[in-house]
Every structure is written in structure tokens, then in C-alpha cells.
Amino acid sequence: MSAEILFFSIIAITVSICDFKKHIIPDAIMLPAIIGLFGIAWIEGAEVTEILIKIVMISILFALPVLLNMAFGGGDIRFAIFVAILLSTQELMIFLILSGVLQTVFVTISKRKVVGFAPAMSMASLLAYYQIELWELI
Numbered sequence: 008m009s010a011e012i013l014f015f016s017i018i019a020i021t022v023s024i025c026d027f028k029k030h031i032i033p034d035a036i037m038l039p040a041i042i043g044l045f046g047i048a049w050i051e052g053a054e055v056t057e058i059l060i061k062i063v064m065i066s067i068l069f070a071l072p073v074l075l076n077m078a079f080g081g082g083d084i085r086f087a088i089f090v091a092i093l094l095s096t097q098e099l100m101i102f103l104i105l106s107g108v109l110q111t112v113f114v115t116i117s118k119r120k121v122v123g124f125a126p127a128m129s130m131a132s133l134l135a136y137y138q139i140e141l142w143e144l145i
């Protein structure tokens, strides 16, 4: 297991618990995590330009619901940026689809009125990273 995925997993689990319990993704966790993961990716040889393009792309996609006063917050945008640093462009597209599907499932089965998005994003990002095909899980 690479340092990148290990670091990502620790942060994703921590943020998912925070978002599940308190409906907040703390900046005190996410901002250092983004910088740390970017540094690890750079050290491991990731293309900086590609990472920056993915960050801009995901920021625009996640900012739209925030601007339209939908159920997203700034923490969701920062967590999505964190995910964009880890995933390839193709995996990022899988992540976008899976996170929406998983969030729909979580909201449907939950007895809560509000369900944080970080648990769905964490699960979707790891599924996309490992490229697990959903039909094999069924």
C-alpha cells in the first residue's frame, strides 16, 4: 500500500466520522490534508499540471450546488479536491457517479433528515481507486 492511499484512507475515515456525527468537515483537517496529499503525490511522481486541472474541474462541479443553495457545503468541496488529488481523471468520473448513487442509498435507508456526504464520497473514492466493479459485489 502506497503512502498516498494510506494517508488518504486515514483522512477519509476521520472526515466521514465527523460528517456523519456532526455534519461538518473541519478545515483544520482538510486544509493540511490537501497540502499533505498534494506533497505525497508530487514526491511519488504525479504530474502537477494534471492534479491542478482535476482540482479546478472538481471545484467547479462541486461549487455549483453550493451556489444554488443545495445541500452541499464548503467542506464537501474541499473533500472533493482532496479526492481529485488521489484519483486519475477516469477514476474521478467513476467517483462522481458512485458518490451520487451511494448518497442516494444512504439517504433512502437512513432515518435522519440530513445525511453527510463525506461517507458516500469516501466509499466512492476508494471503490473508484481500486476499480472494483459493482456487479462483482452483487
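Quick note: the sequence shown uses my numbering, first residue 8, plus one each step.
We treat Cβ as the ideally placed atom computed from N, Cα and C, and that holds for glycine.
Uninterrupted beta strand (DSSP E) stretches at least 3 residues long and entirely within the stretch 31-66 do not occur. Shown here, Val22 sits in a helix according to DSSP, grouped into three states. For the pair Leu38 and Gly52, the Cα-to-Cα distance works out to about 21 angstroms.
Note that the stretch 73-86 does not touch the stretch 42-52; fewer than 3 beta-carbon pairs, one per stretch, sit closer than 8 angstroms. Assignment of alpha helix (DSSP H) within the stretch 71-119, counting only whole runs of 4 or more residues, yields 81-93, 96-116 in chain order. Rounded to whole angstroms, the separation of the alpha carbons of Phe102 and Ser16 is 15 angstroms. With a 10 Å radius around the Cβ and a threshold of 16 neighbouring Cβ atoms, Ile60 comes out exposed. Annotation for Ser9: no alpha helix (DSSP H) segment contains it, and DSSP assigns it neither H nor E.
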